[in-house]
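Residue numbers (this note's numbering), protein chains in the order written: chain A, 401 to 512; chain B, 705 to 820.
Here's the structure we're looking at; comments come further down.
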């Protein structure tokens, strides 16, 4: 199982773009990269998932280089409500996702 | 779509009693459900994996006789904390996997258990 490494914390001002990078050097061929957001006392919420290159949805973009050994979650123009912990998970996109392991996550603090 | 409901959201119980937490997939059938525990300021730790109709698979260090998991249907899994002690106080979170091709994990909103 691919282990992930993320910065423990990041600070940003409201309105800025925030990029959170996750390292996963031993990612396997059939592994996908998924990012979750967690607010205090709530369950994680799915943000975005990708396999390679770039994926964009209404809330974020995910950039994955060709070697897939890292990925970057990009949050455009963050607001105070984006203050949360962001987790990068790497694992197979099948029913055997049971072993998806949560790393330390990145605690993002957005201020005015 | 893909809503996972967890109940109760908060529970306080006395030492020695048992507490049951329910996890339901509201708009999809969950072939596999997972239970996590999260202590303050820490990440989620997988406790066990449950598949409908079969025994749960517990992670190393998790006592299966203390944390009873039942996945009786494709939409319901329950976690029962038996003979709870104060050290069992934690945030318990379930997630569900539809198992139909592409499917990220969908999480419940967690249950805050406080054992007094």
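Each residue gets a CB set at the ideal place from its N, CA and C atoms; glycine is no exception.
Once you ignore the five residues that flank residue i on each side, which residues in its own chain have a CB closer than 7 angstroms to its CB?
i: residue 431 of chain A; result: 402, 490, 491, 492
i: residue 794 of chain B; result: 741, 742, 743, 817
i: residue 724 of chain B; result: 782, 784
i: residue 819 of chain B; result: 717, 719, 788, 789, 790, 792, 793
i: residue 425 of chain A; result: 469
i: residue 779 of chain B; result: 728, 729, 733, 734
i: residue 750 of chain B; result: 738, 740, 763
i: residue 801 of chain B; result: 734, 735, 736, 807, 809
i: residue 476 of chain A; result: 417
i: residue 755 of chain B; result: 735, 736, 775
i: residue 459 of chain A; result: 447
Can you tell me whether residue i is buried or exposed? The criterion is at least 16 other CB atoms within 10 Å of its CB, across all chains shown.
i: residue 769 of chain B; result: exposed
i: residue 708 of chain B; result: buried
i: residue 479 of chain A; result: exposed
i: residue 467 of chain A; result: exposed
i: residue 511 of chain A; result: exposed
i: residue 796 of chain B; result: buried
i: residue 484 of chain A; result: buried
i: residue 808 of chain B; result: buried
i: residue 482 of chain A; result: buried
i: residue 456 of chain A; result: exposed
Since I believe residue j is in contact with residue i (beta carbons under 8 angstroms), could you give me their beta-carbon distance rounded to a whole number of angstroms?
i: residue 505 of chain A; j: residue 406 of chain A; result: 6 angstroms
i: residue 423 of chain A; j: residue 507 of chain A; result: Their Cβ separation, rounded to whole angstroms, is 17 angstroms, which puts residue 423 of chain A and residue 507 of chain A out of contact at 8 angstroms.
i: residue 747 of chain B; j: residue 503 of chain A; result: 6 angstroms
i: residue 414 of chain A; j: residue 474 of chain A; result: About 16 angstroms; that fails the 8 angstroms criterion.
Which residues in the same chain as residue i place their Cβ atom closer than 6 angstroms to its Cβ, once the five residues preceding and following it in sequence are excluded?
i: residue 472 of chain A; result: 419, 421, 463
i: residue 444 of chain A; result: 436, 438
i: residue 411 of chain A; result: 509
i: residue 487 of chain A; result: 436, 502, 505
i: residue 753 of chain B; result: 738, 761
i: residue 500 of chain A; result: 489, 491
i: residue 434 of chain A; result: 449, 489
i: residue 711 of chain B; result: 726
i: residue 451 of chain A; result: 432
Counting only the same chain and skipping the five closest in sequence on each side, list residues whose C-beta sits under 8 angstroms from that of residue i.
i: residue 713 of chain B; result: 813, 814, 815, 816
i: residue 454 of chain A; result: 461, 462, 463, 464
i: residue 786 of chain B; result: 722, 769, 770, 771, 772
i: residue 758 of chain B; result: 775
Which residue marks the beginning of the beta strand (DSSP E) containing residue i, and which one marks its end?
i: residue 442 of chain A; result: First-last for residue 442 of chain A: undefined, no H or E at that position.
i: residue 418 of chain A; result: 418–423
i: residue 774 of chain B; result: 771–777
i: residue 709 of chain B; result: 708–711
i: residue 726 of chain B; result: 723–729
i: residue 752 of chain B; result: 749–755
i: residue 475 of chain A; result: 470–475
i: residue 347 of chain A; result: This structure gives no information on residue 347 of chain A, because the portion of chain A shown stretches from 401 to 512.
**Report entry** Residues from the stretch 745–760 of chain B in contact with chain A, defined by Cβ distance under 8 angstroms
**Finding:** Within the stretch 745–760 of chain B, those residues whose Cβ lies closer than 8 angstroms to any Cβ of chain A are, in chain order, 747, 748, 749, 750, 753.
Query raised in the report: the stretch 470–489 of chain A: which residues have C-beta closer than 9 angstroms to a C-beta of chain B, in chain order?
Result: Of all residues in the stretch 470–489 of chain A, 485, 487, 489 have a Cβ within less than 9 angstroms of some Cβ in chain B.
**Report entry** Interfacial residues, the stretch 401–420 of chain A to chain B, with Cβ spacing under 8 angstroms
**Finding:** Going along the stretch 401–420 of chain A in chain order, one finds no residue with a Cβ nearer than 8 angstroms to chain B.
Query raised in the report: Any residues in the stretch 726–737 of chain B with a beta carbon nearer than 7 angstroms to a beta carbon of chain A? Which ones, in chain order?
Result: Flagged, chain order: 735, 736.
**Report entry** Cβ-based contacts, 9 angstroms cut-off: residues of the stretch 808–820 of chain B near chain A
**Finding:** Listed in sequence order: 808, 809, 810, 811, 812, 813, 814, 816.
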